[in-house]
Amino acid sequence: MLKEALASGLAPRTLLTEEETPLAARFPEARLVTRGVLEAVCDTKTPQGMCAAFVLPATAGLENAPDILVALDGVQDPGNVGTIWRTADAAGFGGLLLGAGCADPYSPKVQRAAMGSGFRLPAIAAEPLAESLQTLRERGWKVFASALDGADFYARPEAGERFILVIGSEAHGISESVRAQADALVKLPMRGRAESLNAAVAAGIMMYEMMRGK
Numbered sequence: 002m003l004k005e006a007l008a009s010g011l012a013p014r015t016l017l018t019e020e021e022t023p024l025a026a027r028f029p030e031a032r033l034v035t036r037g038v039l040e041a042v043c044d045t046k047t048p049q050g051m052c053a054a055f056v057l058p059a060t061a062g063l064e065n066a067p068d069i070l071v072a073l074d075g076v077q078d079p080g081n082v083g084t085i086w087r088t089a090d091a092a093g094f095g096g097l098l099l100g101a102g103c104a105d106p107y108s109p110k111v112q113r114a115a116m117g118s119g120f121r122l123p124a125i126a127a128e129p130l131a132e133s134l135q136t137l138r139e140r141g142w143k144v145f146a147s148a149l150d151g152a153d154f155y156a157r158p159e160a161g162e163r164f165i166l167v168i169g170s171e172a173h174g175i176s177e178s179v180r181a182q183a184d185a186l187v188k189l190p191m192r193g194r195a196e197s198l199n200a201a202v203a204a205g206i207m208m209y210e211m212m213r214g215k
């Protein structure tokens, strides 16, 4: 992940390393430290020998919103947020809209789950999410919101259409205010006996389906 952050153009404020390496030698901010220091400052049980601190990137705004977005409405689990971020990157989405109640996008657990995608795709703070969706709809985006009472998920956006896929919270789904902004409510067809899927799994299937043919 450190290599991903550096490759994305982020400059470390501080870089701590257990041993001298060619990577660490590139940065005057690098400091040689003991294993005990790394274990004290890292939140993992077995640090990988190097860590760094970065200034958080400036939060992107709606005025520069990418054409294809996934919006999260109260997704609280850091692993889900990071996995959705990573899958959005892989599927070709342009960024995330994060509504109120979502996990902190720059927490260590989210960034580990995102596996570097957090350095490439912008995360746009969209609170209240319903108002942000309304603004983007007025500018031409179409909103597809996942809901258990939605239509089976086979329809896809038109070629060249700007759109947003909304994923609701693990426990409560999408909020009523967000539902009111949806152009279409969609769900995955469940062939077996499972009632629902993990938010990140469902988001991944939907994102790839929506990008088919693009």
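Heads up, the sequence shown is in this note's numbering, so the first residue is 2 and it goes up one at a time. The beta carbon of each residue, even a glycine, is placed where N, CA and C say it ideally should be.
| leucine 70 and aspartate 90 closer than 9 Å at C-beta | For the purposes of this step, residue 70 is taken as residue 69 along the sequence shown, with counting starting at 1. For the purposes of this step, residue 90 is taken as residue 89 along the sequence shown, with counting starting at 1. No, the Cβ-Cβ distance between leucine 70 and aspartate 90 is not below 9 Å.
| field | Among Gly95, Glu21, Phe120, the one whose alpha carbon lies nearest that of phenylalanine 55 | value | On the sequence shown, position 54 is the one that residue 55 refers to. Nearest of Gly95, Glu21, Phe120 to phenylalanine 55, Cα basis: Phe120.
| request: For the beta strand (DSSP E) holding lysine 143, just list the boundary residues, first then last. | output: Counted from its first residue, the sequence shown places residue 143 at position 142. Looking at the DSSP string, the run of the beta strand (DSSP E) that includes lysine 143 is 143 to 153.
| said: By the three-class DSSP mapping on this structure, what secondary structure does valine 179 have? | reply: The residue you call residue 179 lines up with position 178 of the sequence shown. DSSP places valine 179 in helix when its eight states are reduced to three.
| task | Pull up the DSSP beta-bridge partners for methionine 51, would you. | result | By 1-based counting over the sequence shown, the position of residue 51 is 50. According to DSSP, which records beta bridges pairwise, methionine 51 is partnered with Thr18.
| said: Under DSSP, the beta strand (DSSP E) around lysine 46 begins and ends at which residues? | reply: Here residue 46 refers to the residue found at position 45 when the sequence shown is read from its first residue. Premise fails: lysine 46 is in no beta strand (DSSP E) and is neither H nor E.
| task | Give me the Cβ distance between aspartate 105 and serine 176, rounded to the nearest whole Å; I'm assuming they're in contact under 8 Å. | result | Along the sequence shown, read from residue 1 onward, the residue named residue 105 stands at position 104. Along the sequence shown, read from residue 1 onward, the residue named residue 176 stands at position 175. The Cβ separation is near 20 Å, so there is no contact.
| field | Burial state of glycine 193, where buried means 16 or more other Cβ atoms lie within 10 Å | value | Locating residue 193 in the sequence shown gives position 192, where the first residue counts as 1. Exposed.
| request: Mind checking which residues open and close the alpha helix (DSSP H) that includes arginine 192? | output: By 1-based counting over the sequence shown, the position of residue 192 is 191. It is not in any alpha helix (DSSP H) - arginine 192 carries neither H nor E in the DSSP assignment.
| said: Using a 10 Å radius around the Cβ and a threshold of 16 neighbouring Cβ atoms, would you call methionine 191 buried or exposed? | reply: What you label residue 191 is simply residue 190 of the sequence shown in a count that begins at 1. Per the 10 Å Cβ criterion, exposed.
| task | Kindly indicate which residue of Gln112, Ala53, Ala66 has the alpha-carbon position closest to the one of proline 216. | result | In the structure displayed, the chain extends from 2 to 215; residue 216 sits before or after that span and is not available.
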